[in-house]
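Engineer:
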Amino acid sequence: MALSKDLLAILACPKCVREPGCTGDLEYHEEKQQLICRHCKLIYSIKDDIPVMLVEEATFLEE
Ligand SMILES: [Zn+2]
Numbered sequence: 260m261a262l263s264k265d266l267l268a269i270l271a272c273p274k275c276v277r278e279p280g281c282t283g284d285l286e287y288h289e290e291k292q293q294l295i296c297r298h299c300k301l302i303y304s305i306k307d308d309i310p311v312m313l314v315e316e317a318t319f320l321e322e
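Per our numbering, residue 260 is the first one in the sequence shown, and the count goes up by one each step.
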């Protein structure tokens, strides 16, 4: 199941949102059930339709 747009609109990277000038925008990858922050390159997983917005639980994006 996909996350609702309303929920996505309010989600932000908990790490970046505290930084001045950064909104903490997240990219939603529905097929992988992941939310990716391009600013700090952390991947937040979505478990049972609930985004796990914890820096400690996030994994680092490798490119
Ligand atoms: Zn971030």
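Note that CB positions come from ideal geometry on N, CA and C, so glycine has one too.
Tell me the DSSP bridge mates of Lys264?
Structural biologist: None; Lys264 has no bridge partner.
Engineer: What three-state label does DSSP hand Glu286 in the structure shown?
Structural biologist: Reduced to three states, the DSSP call for Glu286 is strand.
Engineer: Can you grab the Cα-Cα spacing for the pair Ala261 / Arg297, in whole Å?
Structural biologist: Rounded to whole angstroms, Ala261 to Arg297 spans 21 Å at the Cα level.
Engineer: Any heavy atom of ligand 1 inside 7 Å of the beta-carbon of Gly283?
Structural biologist: The answer is yes for Gly283.
Engineer: Which whole-angstrom value describes the C-beta separation of Leu320 and Lys300, a residue pair presumed to lie in contact below a C-beta threshold of 8 Å?
Structural biologist: Confirmed, about 4 Å.
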